[in-house]
Amino acid sequence: MQVIVAGLDTDYLRRPFEPIPTLCDRAEYVTKVLAVCHRCGGPGLYTQRIVQSDDLVVLGAEDAYEARCRMCYDPPSPSNPGSRWRLSSSTPLFLLI
Ligand SMILES: [Zn+2]
173 MQVIVAGLDT
183 DYLRRPFEPI
193 PTLCDRAEYV
203 TKVLAVCHRC
213 GGPGLYTQRI
223 VQSDDLVVLG
233 AEDAYEARCR
243 MCYDPPSPSN
253 PGSRWRLSSS
263 TPLFLLI
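Take 173 as the starting number for the sequence shown in the numbering used here and just add one per residue.
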């Protein structure tokens with residue numbers, strides 16, 4: 173039997189986001205598909221949250237998340253609050269699967 177699953181493997185803080193990491197461990201084949209970085213067009217490895225919330229999951233689309241590459245990802249941190257939660261206009265939806 174063939175089962176195909178798609179989903180995010182990390183959360184907006186780049187932490188493992190279950191159940192995808194566990195499923196990848198058990199899968200015979202895994203294909204990682206990358207989005208396109210919203211800023212530079214590079215490989216969008218990470219999910220940048222662009223709205224302010226400490227909740228693990230915030231429902232939304234282009235108004236809440238952007239795909240970002242390793243260089244453009246801006247991790248939220250208490251020591252760098254000015255870089256946190258910048259909202260940009262016209263942000264398309266990207267999903268990392
Ligand atoms: Zn980029």
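By construction, the Cβ of each residue, glycine as well, lies at the ideal position given by its N, Cα and C atoms. These figures come from a predicted structure and were not determined experimentally.
Selected residue, minimal CA-CA separation from residue i, among the options
{"i": "V208", "options": "E200, L217, Y201", "result": "L217"}
{"i": "G214", "options": "M243, P191, Y184, T182", "result": "M243"}
{"i": "T194", "options": "A178, Y184, L185", "result": "A178"}
{"i": "E200", "options": "I222, I176, C241", "result": "I176"}
{"i": "D246", "options": "H210, D235, L228", "result": "H210"}
Continuous beta strand (DSSP E) stretch holding residue i: start and end
{"i": "R198", "result": "Not the beta strand (DSSP E): R198 falls in the alpha helix (DSSP H), residues 192–198."}
{"i": "E238", "result": "237–240"}
{"i": "Y218", "result": "218–221"}
Beta-carbon proximity of residue i to residue j, cut-off 8 angstroms
{"i": "Y237", "j": "Q220", "result": "yes"}
Own chain, CB closer than 8 angstroms to residue i, minus 5 neighbours either side, in chain order
{"i": "G232", "result": "V223"}
{"i": "D181", "result": "P188, F189, I192, P193, C196, K204, L268"}
{"i": "L228", "result": "D183"}
- Item | Beta carbon nearer than 5 angstroms to a non-hydrogen atom of ligand 1 | C209, R211, C212, G214, C241, C244
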